[in-house]
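Below is one structure, written out as structure tokens, with a few remarks after it.
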Amino acid sequence: WASWCLPCLKSFPWLSDIQTKYRDKGLVIVGINMDKTPVDAEKFLKRVPHDFTIAYDPTGDAAKAYNLKTMPSSYLVNRQGALILQHDGFRDTDKESLEASILAALENK
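If you want it as structure tokens, here you go:
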């Protein structure tokens, strides 16, 4: 995510809700910030509530590793560390299928 990304802003409440809902099942959401200036990210985070871990990657190494094309992009990684889903963008219409994928991953121990 980045401070200037409007779809990222829209995703934060849903990500927080999902993190809260499935935390006890083992879900860990990590939002990786791509801002080159940490101050921009911090201003965003002061305005936008979140209930998940924030990491910083101003060099873009994570974006390169996951071949990031769109912000926000989501990557669902299973307990064994394998990538099982990549989702580009954030739309309200995708919430139901994303939650179903998360729940399936959490139940597949």
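Sequential numbering from 2 applies to the sequence shown in our numbering.
Just so you know, even glycine gets a beta-carbon here, dropped at the ideal spot from N, CA and C.
Tyr-76 sits in a strand when the DSSP states are folded into three classes. When the five nearest sequence neighbours on each side are left out, the beta carbons in the same chain lying within less than 8 Å of the beta carbon of Asp-95 are those of His-88, in order along the chain.
Residue pairing for Ile-33: DSSP places it in a beta bridge opposite Ala-56. In the structure shown, Leu-46 adopts helical secondary structure according to DSSP, grouped into three states. Under the three-state reduction of DSSP, Gln-81 is assigned to coil, being neither helix nor strand. Beta bridge pairing from DSSP links Gln-87 with Tyr-76.
In chain order, Tyr-57, Pro-59 place their CB closer than 8 Å to the CB of Pro-39, counting only its own chain and leaving out the 5 sequence neighbours on each side.
Under the 8 Å Cβ criterion, the region 68-85 does not count as touching the region 46-56, having fewer than three qualifying pairs.
Ala-3 is positioned such that its CB atom lies closer than 8 Å to that of Met-35.
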